[in-house]
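K.L.:
First residue of the sequence shown? That's 0 in numbering that gives the first Met the number 0, and the numbers climb one at a time after it. The C-beta atom is built at its ideal place from N, Cα and C for all residues, glycine as well. Have a look at this one.
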Amino acid sequence: MCLSISDLVVKLDGENLIATVNVKNTGSVDGQEVVQLYVTPPTTTTAVERPVKELKGFKKVALAAGETKSVSVEVPYKYAASYFDCDAYQWNAEAGEYGVLVGNSSASEKFLSGLFKLEKGELWSGL
């Protein structure tokens with residue numbers, strides 16, 4: 000299946016980070032694809048070394064040949080932004096501007112990118 004992902008919209012809605020894209024099957028056969036949401040940490044405010052990108056959510060979509068669908072991947076912003084702070088023994092969602100990458104593979108060279116911003120940091124417990 001040939002695939003086209005376009006029109007990324009990123010928003011914080013209450014407690015959730017939502018990334019919405021249009022996915023088009025540009026091929027001649029029906030197929031399925033997994034839309035993957037990665038988050039990159041703030042580059043200037045993070046207190047610890049973090050991975051370049053982390054998979055935070057995904058959604059599988061079935062598409063008929065030539066079909067386009069709007070696909071939203073939704074994840075609580077705390078899960079999207081947090082790392083476990085060993086000193087505080089809590090999860091830490093640091094304030095700052097986070098990158099959002101959406102594609103169909105961690106090795107993709109054609110990610111769509113966007114941003115979301117947490118105005119203030121938050122320590123929290125539990126999952």
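1. DSSP on Y88, reduced to helix/strand/coil?
2. How big is the Cα-Cα spacing for Y82 and T42?
3. Identify, in the order they occur along the chain, each residue of the same chain with its Cβ nearer than 7 Å to the Cβ of T44, setting aside the five sequence neighbours on each side.
4. Pick out the complete alpha helix (DSSP H) segments inside the stretch 67 to 112, 4 residues or longer, and give them in chain order.
5. State buried or exposed for L100, treating a residue as buried only when at least 16 other CB atoms are found within 10 Å of its CB.
6. By the DSSP assignment, the beta strand (DSSP E) with A61 in it spans what residues?
7. Quick check on E121: does DSSP put it in helix, strand or coil?
8. Among E14, V34 and N91, which residue has its Cα nearest to the Cα of G120?
9. Can you name, in chain order, every residue of its own chain whose Cβ lies under 6 Å from the Cβ of K10, other than the five neighbours on each side?
10. Whose CA, out of V74, L36, N24 and C85, lies closest to the CA of V47?
11. Which residue wins for smallest C-alpha separation from L111, given the options A80, D12, N21 and E32?
P.N.:
Judging by the given coordinates:
1. If you number the sequence shown from 1, residue 88 lands on position 89. Coil at Y88, not helix or strand.
2. Here residue 82 is taken as the residue at index 83 of the sequence shown, counted from 1. Here residue 42 is taken as the residue at index 43 of the sequence shown, counted from 1. Near 15 Å, if we compare the C-alpha coordinates of T42 and Y82.
3. Mapped onto the sequence shown, residue 44 falls at position 45. For T44, where only same-chain residues beyond five positions count, the Cβ hits under 7 Å are E93, A94 and G95.
4. 76 to 80
5. Mapped onto the sequence shown, residue 100 falls at position 101. Classification of L100: buried, given that the 10 Å Cβ count is 16 or more.
6. Along the sequence shown, read from residue 1 onward, the residue named residue 61 stands at position 62. Here the beta strand (DSSP E) through A61 covers E53 to L62.
7. Locating residue 121 in the sequence shown gives position 122, where the first residue counts as 1. Reduced to three states, the DSSP call for E121 is strand.
8. Translated into positions along the sequence shown, residue 120 becomes position 121. Minimum Cα distance to G120 is reached at N91.
9. Position 11 of the sequence shown, counted from the start, is the residue given in the question as residue 10. Closer than 6 Å at the Cβ level, and outside the excluded window around K10, lie I17.
10. Translated into the one-based positions of the sequence shown, residue 47 becomes position 48. For the residues V74, L36, N24 and C85, the minimum Cα distance to V47 belongs to C85.
11. The residue labelled residue 111 in the question sits at position 112 within the sequence shown. For L111, the nearest C-alpha among the options comes from N21.
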